[in-house]
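Below is one structure; the comments refer to it alone.
Chains as they are written, first to last, in the working numbering: chain A, 1 to 384; chain B, 1 to 322.
If you want it as structure tokens, here you go:
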């Protein structure tokens, strides 16, 4: 069955897809009259050239790890969750409500509560589409898209009508109390003597994201629930036959997915802005789709893809600052990555498979010709 | 609510339903042939931009129309390549197309016009202007019927009438021609079509191309009829609402018309909060009205569709031999 070895499937195919996407992105930059090599230089120095740049790259990567895991977990149950954007926005609401509710004495107390609140709000927002899919058969893709729009309106309403402090003009909550301030990555790395920029927004949520990667791996490949999710994703009739309830798998996997998206809010709302603003998610939920596809729905792959997109995102910000290239360039790159790693996967895979087949067919002829007919006759004898 | 207000809302309904209708019929043709199309949104947006951009530079709305439809066809070709030739996931391909459109339109708009992702506003021949049907002036004095004719039926741009005419045309094509029979068959059982010696690939590519043209017309109407120029993200979820309308209509052309008019009515209501508040007699926040079309979409999908059975081979790439 497996035409190509595992390493080629996991590394070679995504890498070639990525190269094609980048090449096309370079063409886009050329066609709007800018120099792609200059653009890459600006991106690399801006995102990786200083610990300040790294701080932003890791901050964005933290967001994308959560949303990437969100999409990946749903993918394992063959659910396409496009609602990460709305779920992360609702997670932000949960985190904000927790942070503003009491005068927190210390971040160590506030963090777990905020994390749980974000996860719960995100999971709740994913629950309705999941339930409708499981019970009423309304397509999860369309309902989650609708829920993104509804979430945006709902958040505007909450911010404008309820959470905005009296007399404030912009639709945002008040600043969170000082007790909710999360240590920055510089504080954490300073403990082990690594100097790091204090100005960048990366904070200790990055470590929570790494932990989340490990936990998702544990869930999918080392627990009974994970097994059921994967079984359902591979074949619904087979899973049903094995006594796995489709309703349970759809609802549970989608709620885990939504919870992961909701956890992102700890990074961007509690860690960076320290208040809830309009459109705080900034498209991270959608980038999660590209991250999950590139990472082949594996937590390690998601981590690497998230780092890459963190770099692209920060690099894109530098580009719009220094080279007058709109930030939407990132959306184009994201679209191309989704297209080539997701939809046009076979276009990249087919030539590689053909190459490996060719390679394999040649190898036995040169080495030993004997085993082949032997194996065949043995099979034939067994059959008779 | 008086008669004239009702007419105004219905008039807005027809305008807002037109882009939905084009996109919905596009989805209908494509999905009846077994190709899911989440990328309606992106095609609307891309076509809206290119039609507005070309109409603004040439001053001719017809050149804009050609450019818009062309741009939409290019995206259709990508979707066809991914989902027919390379048998990829059709949903993912659609999502990619939506992002591609959303990013490219702003990048190119900034490069061409430098106005932060919009085109200059269109006027005169660069737009599809309102057409006054015969006798509209003389009949406007008549109460009810005459007013209805003048306000509601007359005074739309050409593409609105084209959209309405497309419905019987698509119906006729699907149910009264050999091509339509084959198209529906390829969405239900492509193997049977293949056995009969008809090319599945060609049929599906044709369906995707028709969808591209229809979506293109919807985008052109958006930028040159409904509004006067392109603004960033101007499709604002219409492609997705068209998909919901398609499911609501159970993949049938006449039902699609009514579904689109219904969703258009919801959108028209969100433009008139004063009327909604007067009828409902409560204070409704504006954000709720903004979200209303989306909420109703979810409610309709969840409750009132009944058994909506999609084309059986929908979303499945056709593999000739294993």
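The beta carbon of each residue, even a glycine, is placed where N, CA and C say it ideally should be. The structure displayed is predicted, hence computed values, not measured ones.
Per DSSP, the unbroken alpha helix (DSSP H) holding residue 248 of chain A starts and ends at 246 to 265.
Judged by their CB atoms, residue 244 of chain B and residue 300 of chain B are nearer to each other than the 8 Å cut-off.
Residue contact check for residue 38 of chain B against chain A: a CB pair falls below 8 Å.
Restricting attention to B/178, B/199, B/263 and B/97, the CA atom closest to the CA of residue 36 of chain B is found in B/97. Annotated three-state conformation of residue 203 of chain A is strand, per DSSP. Nearest to residue 182 of chain B by alpha-carbon distance, out of B/77, B/29 and B/139, is B/29.
The Cβ neighbour count for residue 78 of chain B, taken over all protein chains shown within 10 Å, is at least 16; the residue is labelled buried. With the criterion set as a beta carbon lying under 8 Å from some beta carbon of chain A, the members of the segment 273 to 297 of chain B are 285, 287, 288, 290, 291, 294, 295 and 297, in sequence order.
DSSP places residue 130 of chain B in the strand class (E or B) of the three-state scheme. The shortest C-alpha to C-alpha distance from residue 159 of chain B to any of B/102, B/221 and B/312 is the one to B/221. Annotation for residue 131 of chain B: 154, 155, 156, 157, 158 and 161 place their beta carbon closer than 8 Å to its own, counting only its chain and skipping 5 residues before and after. By the Cβ test, the segment 131 to 140 of chain A is not in contact with the segment 299 to 314 of chain A, since fewer than three Cβ pairs between them sit closer than 8 Å. For the 8 Å CB-CB criterion, residue 266 of chain A and residue 115 of chain A form a contact. Taking a beta-carbon distance threshold of 8 Å, residue 307 of chain A does not count as an interface residue toward chain B. Look at residue 99 of chain B: its C-beta is under 8 Å from a C-beta on chain A. Taking one beta carbon from each stretch, the segment 43 to 53 of chain A and the segment 269 to 287 of chain A have fewer than 3 pairs nearer than 8 Å; the two do not touch.
By the neighbour-count definition (other C-beta atoms within 10 Å, threshold 16), residue 214 of chain A is an exposed residue. In this structure, residue 119 of chain B lies near residue 56 of chain B, with their beta-carbon atoms less than 8 Å apart. Pairing residue 52 of chain A with residue 351 of chain A, the inter-Cα distance amounts to about 42 Å.
With fewer than 16 neighbouring CB atoms inside 10 Å of its own CB, residue 178 of chain A falls in the exposed class.
When only Cα atoms are considered, residue 263 of chain B and residue 246 of chain A end up about 32 Å apart.
Here residue 169 of chain A is exposed, its C-beta having fewer than 16 other C-beta atoms within 10 Å.
Under the three-pair Cβ rule at 8 Å, the segment 38 to 46 of chain B does not count as touching the segment 1 to 16 of chain B. About 4 Å separates the beta carbons of residue 103 of chain B and residue 328 of chain A, which is inside the 8 Å limit, making them a contact pair. Separation of the CB atoms of residue 242 of chain B and residue 23 of chain B is rounded to 4 Å, and the pair is thereby assigned contact status at 8 Å. For residue 267 of chain A, none of the residues of chain B pass the 9 Å Cβ criterion, the least Cβ distance being about 23 Å. Around residue 148 of chain B, the same chain offers 7 as residues with beta carbons nearer than 8 Å, after the five sequence neighbours per side are excluded. Non-local beta-carbon contacts of residue 214 of chain B in its own chain, meaning distances under 6 Å to residues more than five positions away in sequence, involve 22, 25 and 26 in chain order. Judged by DSSP secondary structure, residue 79 of chain A falls outside any alpha helix (DSSP H); it is assigned neither H nor E. The Cβ neighbour count for residue 106 of chain A, taken over all protein chains shown within 10 Å, is under 16; the residue is labelled exposed. For residue 233 of chain A, same chain residues with a beta-carbon under 7 Å away, outside a window of 5 residues either side, are 76, 77 and 78 in chain order. Selection B/205, B/185, B/142 and B/140 evaluated against residue 196 of chain B yields B/185 as nearest (Cα-Cα).
Taking a beta-carbon distance threshold of 8 Å, residue 33 of chain A counts as an interface residue toward chain B.
Just so you know, the alpha carbons of residue 272 of chain A and residue 86 of chain A end up roughly 19 Å apart.
Relative to residue 128 of chain B, the option among B/273, B/276, B/226 and B/203 whose CA is nearest is B/226. Ranking A/361, A/349, A/358 and A/353 by CA distance to the CA of residue 17 of chain A puts A/349 first.
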